[in-house]
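Sequential numbering from 23 applies to the sequence shown in our numbering. For each residue, glycine too, the CB sits at the ideal point set by N, CA and C.
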Amino acid sequence: MRSFLLICLLLCSPFLNAQEEKDHPLFPAFEGATIYQYEETSFEPYRLVTSSVNSTYTSSKDKKTEGRIFRIFYTMPTDKASVYEVFTNFKKALQTSEAETIFSCYGDECGDIGLFWKALEPARFQIPVYYGERFAYHAANFSKDGKAYYVAMVFGYGLGEQGYEIHVVEAEEMEQKVDLNTLESALNEKGMISVYGITFDTGSAQIKPESDSVLKEIANYLKKNPSVSLYVVGHTDDIGAVASNLTLSQNRSAAVVKRLTSEFGVNSAQLESSGVGPYAPVSNNASEDGRAKNRRVELVKRLK
23 MRSFLLICLL
33 LCSPFLNAQE
43 EKDHPLFPAF
53 EGATIYQYEE
63 TSFEPYRLVT
73 SSVNSTYTSS
83 KDKKTEGRIF
93 RIFYTMPTDK
103 ASVYEVFTNF
113 KKALQTSEAE
123 TIFSCYGDEC
133 GDIGLFWKAL
143 EPARFQIPVY
153 YGERFAYHAA
163 NFSKDGKAYY
173 VAMVFGYGLG
183 EQGYEIHVVE
193 AEEMEQKVDL
203 NTLESALNEK
213 GMISVYGITF
223 DTGSAQIKPE
233 SDSVLKEIAN
243 YLKKNPSVSL
253 YVVGHTDDIG
263 AVASNLTLSQ
273 NRSAAVVKRL
283 TSEFGVNSAQ
293 LESSGVGPYA
303 PVSNNASEDG
313 RAKNRRVELV
323 KRLK
């Protein structure tokens, strides 16, 4: 149980060093396991399976989060440990570290294995489906040093091969950096960008002074690209009356256009304001974090 003790030590330690093999610093490899595939992304959404999967399971039951994601697929000799042993090892380590289990299953406890693999597709596991001959899954979340973590693990054996894959989501809020390169990249690739650096007082369309740095970058982009036109779209959360939110979102988008043209010298022909109130949320209005994400200004590239 050396790996179990090592994980406990690292989860409790105030200082962590990433290993050369690119194990996640909180989850060293099980003894005998070697990395087959590694991926690290800066920030993206992620979904965890939350119960056994059968014909009634839908994606609405998934636990949704977002953050920096590590995906690490390990292979290991079958004579080192069984799937159940590796699964139990990590599960106990997380429980000892006071992690909260989201869902954990082994074998038939997971439900229909074919449907379970289907439910895992949004999370982009790389472990082969034929490893489902013997199969286990564990998902949990915990906090350390003021940061929230989610972890999802798949353990499997099939056709004489064995391995496991661990996904670690460092679920911190993204600090949006809005500059000329960010705007050009997002508008060229996606045709839109959500901007959170333009802020207003509650219920007001008066733009706060701290928004000027973001407005300046938008102006720089439009001046550099005089042939580009944008819709400036205001969005609100779902607190309050719909009619009031629609009016507020429209007034805010109009205020942004006015500020860009009157104070930052943008050609008015490049901008058109609109407001959709609470009708196009990007997150759940049931939480304050979700409502904060829904209160935004979007820049949408306009086709002439």
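Host alpha helix (DSSP H) of residue i (start-end)
{"i": "T283", "result": "V264 to S284"}
{"i": "Y243", "result": "D234 to K246"}
{"i": "F91", "result": "Residue identity check: residue 91 is Ile in the sequence provided, not Phe. Where I91 is concerned, there is no enclosing alpha helix (DSSP H), although the beta strand (DSSP E) it sits in stretches over K85 to T97."}
{"i": "V75", "result": "Looking at the DSSP string, V75 is not in any alpha helix (DSSP H), and its letter there is neither H nor E."}
{"i": "E107", "result": "V105 to T118"}
{"i": "L142", "result": "I135 to L142"}
Residue i and residue j closer than 8 Å at C-beta
{"i": "T258", "j": "N247", "result": "no"}
{"i": "E187", "j": "F109", "result": "no"}
{"i": "L137", "j": "N210", "result": "no"}
{"i": "L304", "j": "N316", "result": "The question names Leu, yet the displayed sequence has Val at residue 304. Going by C-beta atoms, V304 is nearer than 8 Å to N316."}
{"i": "R69", "j": "K85", "result": "yes"}
{"i": "R318", "j": "Y218", "result": "yes"}
{"i": "Y243", "j": "S296", "result": "no"}
{"i": "H160", "j": "F92", "result": "no"}
{"i": "A170", "j": "A193", "result": "yes"}
{"i": "G185", "j": "M98", "result": "yes"}
{"i": "K323", "j": "G213", "result": "yes"}
For residue i, the first and last residue of its enclosing beta strand (DSSP E)
{"i": "T63", "result": "T56 to L70"}
{"i": "E294", "result": "L293 to G297"}
Per DSSP, the bridge partner or partners of residue i
{"i": "K323", "result": "L252"}
{"i": "Y159", "result": "C127 and V176"}
{"i": "I229", "result": "F222"}
{"i": "G287", "result": "Answer is none; G287 lacks a bridge partner."}
{"i": "E122", "result": "N163"}
{"i": "G154", "result": "Y179"}
Inter-residue spacing [alpha-carbon to alpha-carbon] between residue i and residue j
{"i": "R24", "j": "T100", "result": "Bear in mind that the predicted position of R24 carries a pLDDT of just 44, short of 50, making it unreliable; the figure below should be weighed with that in mind. Cα to Cα, R24 sits roughly 18 Å from T100."}
{"i": "E42", "j": "P50", "result": "Note on E42: pLDDT 45, under 50, position unreliable in the model; the coordinate value appears next. If I take the Cα positions, the gap works out to 11 Å."}
{"i": "E120", "j": "F164", "result": "7 Å"}
{"i": "A227", "j": "F52", "result": "55 Å"}
{"i": "T87", "j": "F286", "result": "37 Å"}
{"i": "E107", "j": "E143", "result": "25 Å"}
{"i": "K2", "j": "V288", "result": "Here the chain has residues from 23 to 326 only, and residue 2 is not among them."}
{"i": "E320", "j": "A162", "result": "34 Å"}
{"i": "K140", "j": "T78", "result": "13 Å"}
{"i": "R313", "j": "P47", "result": "33 Å"}
{"i": "A158", "j": "V200", "result": "42 Å"}
| Unbroken stretches of the beta strand (DSSP E), 3 residues or longer, contained in the segment 167 to 218 | 169 to 180, 183 to 192 and 214 to 217
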